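The next block holds one structure in the form of structure tokens; read it before the comments.
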Amino acid sequence: MSWPDPGLRSRATHVPSAEEVALVAPRMVELMHEASGIGLAAPQVGLPWRMFVTCVPDADPVDRVFVNPEIHLDLCGAPPQPYEEGCLSLPDLRLDVLRPKGASISATGADGSPFELSDAGLLARVWQHEYDHLEGRLIFDLAQPVDASLVKRWRKVHDAQ
Ligand code: ZN
């Protein structure tokens, strides 16, 4: 679903059951690849569930499912880094987003087993972006002041649709 669907602005609260994950995760992985994305969160497909999928070329090139993830940001290391991000739900918007470089994440996988991962590069950024979707947070919430007018122009076009 695309902006301005209100589902993108709500905190996802439902932790999907194993059955729900088995039903929905494979289709989310398909949709992610069809859209040439590297991540997709359940609220983006209209489900207020705490789940997202990723497949990040080079860094983690497998279809990975994160159910009920918990993210821990490394806030004491390097200062937040800017990096250009897009979002499948926000067509034609690309913004430099400041994020902490490092993060670790724990979640339950598609097979029901818990796992934990750490990264200080693109993966950590993707996790933060997708996790934000579960909190109803979008990249323009994290835009830098220099991009305020760009965001304003984009929203003028897209808020009404
Ligand atoms: Zn997104």
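In this text, residue positions in the sequence shown follow our numbering: the first is 23, and each later residue adds one. In this text, a Cβ means the ideal position worked out from N, Cα and C, and glycines have one as well. No experiment lies behind these values; they were computed from the predicted model shown.
In this structure, E152 lies away from A34, with their beta-carbon atoms at least 9 Å apart.
Along the region 89-138, the beta strand (DSSP E) occurs as fully enclosed runs of 3 or more residues at 103-109, 112-121 and 124-130, listed in sequence order. In terms of side-chain proximity, the C-beta atom of S111 is found nearer than 8 Å to a non-hydrogen atom of ligand 1. Distance from the CA atom of D133 to the CA atom of K178, rounded to whole angstroms, is 43 Å.
Around the Cβ of P104, a 10 Å sphere holds fewer than 16 other Cβ atoms; the residue is exposed. Cβ-Cβ distances below 6 Å link G99 to G124 in the same chain, with the five nearest sequence neighbours on each side left out; the list follows chain order. Checking the DSSP bridge columns, you'll see H36 partnered with W71. In this structure, V89 lies away from V148, with their beta-carbon atoms at least 9 Å apart. A Cβ-Cβ distance of about 5 Å is found for the pair A165 and L117, placing them in contact under the 8 Å criterion.
Annotation: the continuous alpha helix (DSSP H) that includes L144 extends over L144 to L156. Between L53 and L160, the gap from beta carbon to beta carbon reaches 9 Å or more.
Scanning its chain for C-beta atoms nearer than 6 Å, with the 5 sequence neighbours on each side dropped, one finds around P102 the residues L120, R121 and P122, in chain order.
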